[in-house]
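Residue numbers (the numbering used here): 314 to 603.
A short write-up of the structure that comes next.
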């Protein structure tokens with residue numbers, strides 16, 4: 314039986330408006346919390362938090378805050394560790410910390426309002442929502458909760474606060490937004506591709522057994538793909554600088570270095586008001602050239 318058109322539209326609108334939490338069991342007693350809203354599902358950008366024993370790594374975005382808080386209310390949380398302070402990762406940490414009476418750790422906590430977080434662009438408000446207030450402590454050299462010990466590893470480039478978290482016993486590393494896709498790709502305006510290249514190789518040199526990312530990727534033995542991404546970014550940056558020295562303008566450099574995928578790049582640039590694009594990669598390479 315075919316549903317009336319209004320029912321179809323109504324169900325589609327309901328699905329679009331749903332804020333969802335899905336929980337997956339990962340190796341070594343880690344739970345992955347996959348968070349999505351209508352906009353993030355359209356753009357395939359669900360965000361993740363992880364509960365490793367009693368340590369919460371990232372907290373997701375505020376649009377799904379009630380679901381996150383309800384799920385964690387039945388579990389012990391001794392500390393929250395943020396891979397970085399962007400609103401899709403830190404949105405619920407204040408509420409979690411208050412509910413569980415636990416600290417929030419963040420490297421370079423004085424930078425937590427930077428990189429557009431203090432005044433979110435409309436697309437960031439629509440996708441993720443305003444992050445709740447929190448008062449983080451600077452990340453220590455070791456984070457211990459229960460019987461588990463984790464080592465923070467600075468990975469600047471995407472963010473001044475960006476930090477991976479390694480559990481040496483299991484070989485699991487949480488990497489936030491260090492690896493979202495393969496190859497050189499679009500970046501935000503504030504990013505430093507050369508720092509990101511160094512950070513990719515820094516994590517690869519740890520030879521982790523499993524990489525868990527901030528946007529649902531789980532990669533076993535990730536050292537090879539991390540080095541491949543670092544090489545691709547380095548090669549693209551070298552082309553950008555060579556063309557820049559030859560006098561080519563940024564948009565011409567963009568089309569020469571990235572001849573494919575223009576439609577998707579234009580779509581992301583449009584949705585984000587130019588805050589996220591491959592053109593930003595070109596400008597960042599020129600701005601941060603060694």
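The C-beta atom is built at its ideal place from N, Cα and C for all residues, glycine as well.
Hey, could you find the ends of the alpha helix (DSSP H) residue 384 is sitting in?
Residues 378-385.
If you run the structure through DSSP and keep just helix, strand and coil, what is residue 508?
Note: residue 508 maps to helix in three-state DSSP.
By alpha-carbon positions, which one of 401, 435, 441 and 384 ends up nearest to residue 413?
Ranking the options by Cα distance to residue 413, first place goes to 384.
Is it buried or exposed for residue 274, if we count other Cβ within 10 angstroms and need 16 for buried?
Absent from the model: residue 274. The displayed extent of the chain is 314 to 603, so no value can be given.
Using DSSP with H/G/I as helix, E/B as strand and the rest coil, what is residue 533?
In this structure, residue 533 counts as strand in the three-state DSSP scheme.
Counting Cβ pairs, one atom from each stretch, are 3 or more of them under 8 Å apart for the region 409-427 and the region 367-384?
Yes, they touch.
Would you mind working out which of 592, 436 and 563 sits nearest residue 575, comparing C-alpha positions?
That would be 592, whose Cα lies nearest to the Cα of residue 575.
In the DSSP assignment, find the unbroken beta strand (DSSP E) run with residue 418 in it and report its ends.
Taken as a continuous stretch (DSSP letters only), the beta strand (DSSP E) holding residue 418 covers 417-419.
Tell me which same chain residues have a C-beta within less than 8 Å of the C-beta of residue 439, skipping the five on either side of it?
Within the same chain, residue 439 has close Cβ partners 352.
What is the DSSP secondary structure of residue 547, reduced to helix, strand or coil?
DSSP places residue 547 in helix when its eight states are reduced to three.
What residues are listed by DSSP as bridge partners for residue 331?
None, per the DSSP bridge assignment.
On the criterion of 16 or more Cβ atoms from any shown chain inside 10 Å, does residue 359 qualify as buried, or is it exposed?
So residue 359 ends up on the buried side.
Taking C-alpha atoms, which residue in 510, 459 and 460 lies nearest to residue 263?
With the chain covering only 314 through 603, there is no way to say anything about residue 263.
If we ignore side chains and look at the alpha-carbon of each, how far apart do residue 586 and residue 525 end up?
Each residue's Cα considered, the two are about 29 Å apart.
Return the chain-ordered list of same chain residues with a C-beta closer than 7 Å to the C-beta of residue 555, the five sequence neighbours on each side being excluded.
Excluding positions up to five away in sequence, the list is empty.
Who pairs with residue 447 in a beta bridge, going by DSSP?
DSSP lists no partner for residue 447.
Return the residue from the list 435, 504, 448 and 458 that minimises the CA-CA distance to residue 469.
The shortest C-alpha separation from residue 469 is found at 504.
Can you tell me whether residue 348 is buried or exposed, with buried defined as 16 or more other CB within 10 angstroms of its CB?
Buried is the call here.
Please tell me whether residue 539 and residue 463 are closer than 8 Å, where the distance is taken between their beta carbons.
No, these two residues do not count as a Cβ contact at 8 Å.
Just the C-alpha distance for residue 435 and residue 361, rounded to the nearest angstrom, thanks.
Approximately 21 Å, taken between the alpha carbons.
State yes or no: is the C-beta of residue 420 within less than 8 Å of the C-beta of residue 476?
Contact: yes.
Is the distance from the Cβ of residue 445 to the Cβ of residue 484 below 8 Å?
Cβ distance not < 8 Å, so residue 445 and residue 484 don't count as in contact.
What residue range does the beta strand (DSSP E) around residue 359 cover?
Per DSSP, residue 359 belongs to no beta strand (DSSP E) and is neither H nor E.
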